[in-house]
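Note sheet for the following structure.
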Amino acid sequence: MGIWVFPLDGAAPRKLVDGADAAALSPDDSQIAYFGGGDAIWLVSASGERARRIVAAPPGYSLDVGFAWSPDGRRVAYGKRKPDDFSIESYHLDSGQTSVILSDPRGASFCWLRNGRIVYARHEEPPNETSDNLWDIRVDPRTARARGKPRRLSNWGGYLFDNLSTDAGGARLSFGRRRFRSTVYVGELEAGGARLSTPRRLTFDEWMNWPTGWSHDSQSVLFTSDRGGRLDIFRQDVQAPAPLGIVTGGEERRDARFSPDGRWILYLSSSDTEGRRRAAEGRLMRIAPGGGAPQPVLLVAGYPARFPSRVGPEGAEPGTLALPGGLWWPTTMLDNPRFRCSSAPETLCVLSEEIQNQAIFTAFDPVEGRKGELARIGAPLPDSWDLSPNGQWIALSWKWGGSRIRLISLAGQPPRDISLDGWNNIECVAWAADGNALFATSWASKDPPLLRISLNGEVKLLHKGLFHVENPVPSPNGRYLAFGENTMESNVWVVQNPR
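Counting from -18, one number per residue, gives the positions in the sequence shown under this note's numbering.
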């Protein structure tokens, strides 16, 4: 990465700066501000000379890869954030002083218009956290302090905004507008599970939908969806055109699956995810498949990460994935706490919780609650795990943990690693219904794969996704495989004469 100059007369391009990410030219074309090494903003002359660092992220904070010049060219504005805070601040080139223009934990990408206003993206309040809208605020040109209150400019739903910018004359405002969507697919397993027929869509809407379990007769899929604003639990027959709500409204619920005896649907619940923050405590609940009042099984530590924050100098918040400009990653089924159950006639259910940077695995009964501790794993914590159908093994995977899956025994046997030649970044892992193989997804920037992995490490490619594949869930009879596939719609918009 670096800053290059491309002459319009056809002369050879010339590199000005190494190691630069984003860059912005000053209004008088004399200086360039850029995001450089060490989570810092640097300044260099337009000829590539006299580079100097002007702003560095303080401990516990990070700087967004995006900034803007004031209309008079005397200040550089930048975004500073930590997991629960965001502010737009300015650096005065003459005095070296910094000042806060706006503090808003839901703020994101911004630009500084020639008329002195700052336009910025703001994440909506719960339960609409997956949407951004555009706001602006007037700024005193002398002190770079806000004048008055922010003003809402747009009222769009379901979109995130990034890369706000304006042209040199201030006549056009451009920004990226993107939306994530996740679809549940179901495919039929063939050739002993080594081949997957062309998957067909089960859900036909624009929401985030992730499969989590199957009915005992393998005829319907349980999935989590945010179609009501918060995450709720739905059930859909594989031949039905639309789902039925199992538990909806009020609290946020996810990760539903049947108990081994089929008497209960179990799921995780939280009454408040506190916007972007991770709740300190959640609950594992049960409800009868035919309906009725949900009942608590036990309290669980934490709640699965939902909206990641940008990686700071000390690393990402646990269970998160960074995106530039404070963008949130779409709802996912990864992270702790999570639970899995064995298949009948076995009765074991296992819960994992993250406590003091350890993943602690505990047995529980759907009626009697928490039992004894089974195992614990230190850092780096696994991104995904699954319990074998016979309840004797836990399979663990790490997204950045190389080309392996680790099996730990709950029956006193030594752990073992399954080496995956040529396949890295295993994100999700699930046991096949017969316990003789694993299904897995791999993080990839292109053609993310869905894999079948035998216990001796032989890998079969079942499917290639478009953007992101997650959460393979085999049916109890071993005939079907459900999974979620995420796609992103992204476009650049231009607004003429923003006022």
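Glycine included, C-beta positions come from ideal geometry on N, C-alpha and C.
On the criterion of 16 or more Cβ atoms from any shown chain inside 10 Å, does residue i qualify as buried, or is it exposed?
{"i": "isoleucine 99", "result": "buried"}
{"i": "proline 453", "result": "buried"}
{"i": "isoleucine 336", "result": "exposed"}
{"i": "phenylalanine 185", "result": "exposed"}
{"i": "methionine 469", "result": "exposed"}
{"i": "glutamine 497", "result": "Residue numbering for the chain in the displayed model covers -18 to 480; residue 497 lies beyond these limits and cannot be assessed."}
{"i": "asparagine 317", "result": "buried"}
{"i": "proline 241", "result": "buried"}
{"i": "arginine 264", "result": "buried"}
{"i": "phenylalanine 482", "result": "This structure cannot speak to residue 482, because the chain is shown only from -18 to 480."}
{"i": "proline 40", "result": "exposed"}
{"i": "glycine 293", "result": "Its pLDDT being 32, under 50, glycine 293 is placed unreliably by the model, and nothing is read from it."}
{"i": "arginine -5", "result": "exposed"}
{"i": "isoleucine -11", "result": "Looking at the sequence shown, residue -11 is not isoleucine but leucine. Exposed, by the Cβ-count rule."}
{"i": "valine 475", "result": "exposed"}
{"i": "tryptophan 195", "result": "buried"}
{"i": "glycine 306", "result": "With a pLDDT of only 43 at glycine 306, under the threshold of 50, the placement of this residue in the model should not be trusted; the figure read from the coordinates follows. Buried, because 16 or more other Cβ atoms sit within 10 Å of the Cβ of glycine 306."}
{"i": "asparagine 136", "result": "exposed"}
{"i": "leucine 170", "result": "buried"}
{"i": "glutamate 298", "result": "Residue confidence for glutamate 298 is low, a pLDDT of 37 falling below 50, so the modelled location carries little weight and cannot support an answer."}
{"i": "proline 64", "result": "buried"}
{"i": "glutamate 466", "result": "buried"}
{"i": "valine 81", "result": "exposed"}
{"i": "glycine 173", "result": "exposed"}
{"i": "valine 25", "result": "buried"}
Out of the options, which one is the CA nearest neighbour of residue i?
{"i": "proline 347", "options": "Val331, Glu354, Glu335, Ile358", "result": "Val331"}
{"i": "lysine 380", "options": "Gln373, Gly372, Asn405", "result": "Asn405"}
{"i": "asparagine 472", "options": "Pro192, Leu6, Ser155", "result": "Ser155"}
{"i": "isoleucine 341", "options": "Ala325, Glu327, Ile389, Ser323", "result": "Ile389"}
{"i": "aspartate 367", "options": "Ala237, Ala223, Arg321", "result": "Arg321"}
{"i": "alanine 237", "options": "Ala261, Ser251, Met266", "result": "Met266"}
{"i": "lysine 445", "options": "Arg460, Gly438, Ala421", "result": "Ala421"}
{"i": "alanine 223", "options": "Thr164, Glu262, Ser251", "result": "Thr164"}
{"i": "leucine 280", "options": "Ser333, Leu329, Leu134, Ala325", "result": "Ser333"}
{"i": "isoleucine 118", "options": "Pro131, Glu106, Glu110", "result": "Pro131"}
{"i": "phenylalanine 345", "options": "Thr147, Gln477, Val46, Leu329", "result": "Leu329"}
{"i": "tyrosine 140", "options": "Glu105, Ala172, Glu232", "result": "Glu105"}
{"i": "glutamine 482", "options": "Ala(-7), Gly19, Ile35, Gly(-9)", "result": "Only positions -18 to 480 of the chain appear in this structure, which leaves residue 482 out of reach."}
{"i": "glutamine 217", "options": "Arg103, Ile82, Pro270, Ala152", "result": "Pro270"}
{"i": "leucine 145", "options": "Glu169, Ile407, Leu203, Arg158", "result": "Arg158"}
{"i": "serine 251", "options": "Phe239, Gly283, Ile227, Arg133", "result": "Gly283"}
{"i": "glycine 138", "options": "Phe204, Thr111, Ile69, Asp10", "result": "Thr111"}
{"i": "glycine 19", "options": "Asp198, Asp9, Arg33", "result": "Arg33"}
{"i": "leucine 134", "options": "Thr343, Ile407, Tyr101, Val81", "result": "Tyr101"}
{"i": "tryptophan 188", "options": "Ser199, His197, Ala175, Arg211", "result": "Arg211"}
{"i": "serine 323", "options": "Leu391, Glu262, Glu349", "result": "Leu391"}
Since residue i contacts residue j with CB under 8 Å, what's their CB separation in whole angstroms?
{"i": "isoleucine 434", "j": "leucine 401", "result": "7 Å"}
{"i": "serine 43", "j": "arginine 56", "result": "That belief does not hold up - the Cβ atoms of serine 43 and arginine 56 are roughly 21 Å apart, past 8 Å."}
{"i": "asparagine 369", "j": "tryptophan 424", "result": "The amino acid at residue 369 is misidentified as asparagine; the sequence shows serine. That belief does not hold up - the Cβ atoms of serine 369 and tryptophan 424 are roughly 24 Å apart, past 8 Å."}
{"i": "proline 275", "j": "isoleucine 268", "result": "5 Å"}
{"i": "aspartate 66", "j": "proline 86", "result": "5 Å"}
{"i": "alanine 1", "j": "glycine 17", "result": "6 Å"}
{"i": "isoleucine 399", "j": "glycine 438", "result": "5 Å"}
{"i": "isoleucine 375", "j": "alanine 356", "result": "7 Å"}
{"i": "proline 52", "j": "glycine -17", "result": "Not confirmed; about 28 Å, so no contact."}
{"i": "valine 167", "j": "valine 120", "result": "No, valine 167 and valine 120 are not in contact; Cβ-Cβ is about 53 Å, not under 8 Å."}
Residue j and residue i - do their beta-carbons sit closer together than 8 Å?
{"i": "serine 365", "j": "cysteine 409", "result": "yes"}
{"i": "serine 502", "j": "asparagine 190", "result": "Coverage of the chain is limited to positions -18 through 480, which leaves residue 502 absent and any answer about it impossible."}
{"i": "serine 378", "j": "proline 363", "result": "yes"}
{"i": "glycine 209", "j": "threonine 229", "result": "yes"}
{"i": "arginine 244", "j": "isoleucine 214", "result": "no"}
{"i": "glutamate 327", "j": "glycine 372", "result": "yes"}
{"i": "tryptophan 116", "j": "alanine 49", "result": "no"}
{"i": "glycine 54", "j": "serine 7", "result": "yes"}
{"i": "proline 429", "j": "valine 450", "result": "yes"}
{"i": "alanine 21", "j": "alanine 5", "result": "no"}
{"i": "glycine 382", "j": "alanine 414", "result": "no"}
{"i": "serine 548", "j": "phenylalanine 161", "result": "Outside the shown range of the chain (-18 to 480) lies residue 548, about which nothing can therefore be said."}
{"i": "leucine 74", "j": "glycine 29", "result": "no"}
{"i": "leucine 177", "j": "leucine 443", "result": "yes"}
{"i": "asparagine 417", "j": "leucine 436", "result": "yes"}
{"i": "glycine 77", "j": "glycine 60", "result": "no"}
{"i": "alanine 482", "j": "lysine 441", "result": "The shown model of the chain, from -18 to 480, leaves out residue 482, and the question about it has no answer."}
### Message
Contact between the segment 172 to 181 and the segment 126 to 144 is defined here as three or more beta-carbon pairs at a separation below 8 Å; is this criterion met?
### Response
With the cut-off at 8 Å, the segment 172 to 181 and the segment 126 to 144 do not touch.
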